[in-house]
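Peer 1: Okay, here's the structure, questions in a sec.
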Amino acid sequence: MTDQATSPDTLWTDIDALWAWLEANAPVTGHDALLLRILKLSEEVGEVSEAVIGVTGQNLRKGITHSWDDVQAELCDVVITALIALRTLTPDAREVFARHLARVAERSLGTGT
Numbered sequence: 589m590t591d592q593a594t595s596p597d598t599l600w601t602d603i604d605a606l607w608a609w610l611e612a613n614a615p616v617t618g619h620d621a622l623l624l625r626i627l628k629l630s631e632e633v634g635e636v637s638e639a640v641i642g643v644t645g646q647n648l649r650k651g652i653t654h655s656w657d658d659v660q661a662e663l664c665d666v667v668i669t670a671l672i673a674l675r676t677l678t679p680d681a682r683e684v685f686a687r688h689l690a691r692v693a694e695r696s697l698g699t700g701t
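What the sequence shown shows, in our numbering, is residues 589 to 701, in sequence order.
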């Protein structure tokens, strides 16, 4: 692990490297690997929920168990997992994501004319 932060320019290089590592070391392959990577998102979202509950002390039995930094890290795990799942679904993940983000931005921020 390095202390270097990933820049937006290297984001997809790192996602591709993580995807390749998973492909080389996955206990299952093919369609099953794709499904499991998509399902992994639910696990990661659950960890975000657990961190939010922990930072707010909503589990009275456990009290405050997390920080907002933990929530940030868990949200990052969701994003990474989603991008790897997208990369598993298509080798054109970067382009698919860019097109979709542009559509969402236009729909939400555009003039509508």
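Every residue gets a Cβ at the ideal spot worked out from N, C-alpha and C, and that includes glycine.
Predicted model, so just to flag it, every value in this text is computed and none were measured.
Using three-state DSSP, classify Arg-675 as helix, strand or coil.
Peer 2: Arg-675 falls in the helix class under three-state DSSP.
Peer 1: Specify the secondary structure class of Val-647 as computed by DSSP and reduced to three states.
Peer 2: Per the sequence presented here, residue 647 reads as Asn, with Val not at that position. Looking at Asn-647 - three-state DSSP - the assignment turns out to be coil, as it is neither helix nor strand.
Peer 1: Let's test the definition: count the other Cβ atoms within 10 Å of the Cβ of Ile-603 and tell me whether it reaches 16, buried, or not, exposed.
Peer 2: With 16 or more Cβ atoms within 10 Å of its Cβ, Ile-603 is classed as buried.
Peer 1: Taking 8 Å as the cut-off, decide whether the C-beta atoms of Thr-594 and Glu-632 are in contact.
Peer 2: Going by C-beta atoms, Thr-594 is not nearer than 8 Å to Glu-632.
Peer 1: From Leu-606 to His-619, what distance separates their C-alpha atoms?
Peer 2: Using only the alpha carbons, I get a separation of about 18 Å.
Peer 1: Tell me whether His-619 sits in a helix, a strand or coil according to DSSP, three-state version.
Peer 2: Here His-619 sits in helix by DSSP.
Peer 1: Could you please give the first and the last residue of the uninterrupted alpha helix (DSSP H) stretch that includes Thr-601?
Peer 2: From DSSP, the alpha helix (DSSP H) with Thr-601 extends over 599-613.
Peer 1: To the nearest angstrom, how far is it from the Cα of Thr-601 to the Cα of Ile-626?
Peer 2: One C-alpha to the other measures close to 20 Å.
Peer 1: Which first and last residues belong to the alpha helix (DSSP H) in which Ser-696 is found?
Peer 2: Counting along the chain, the alpha helix (DSSP H) containing Ser-696 begins and ends at 681-697.
Peer 1: Give a yes or no on whether the C-beta atoms belonging to Val-666 and Val-640 are separated by under 8 Å.
Peer 2: Cβ atoms of Val-666 and Val-640: not closer than 8 Å.
Peer 1: Alpha carbon to alpha carbon, what distance is there between Gly-698 and Ala-612?
Peer 2: Between Ala-612 and Gly-698, the C-alpha separation is close to 42 Å.
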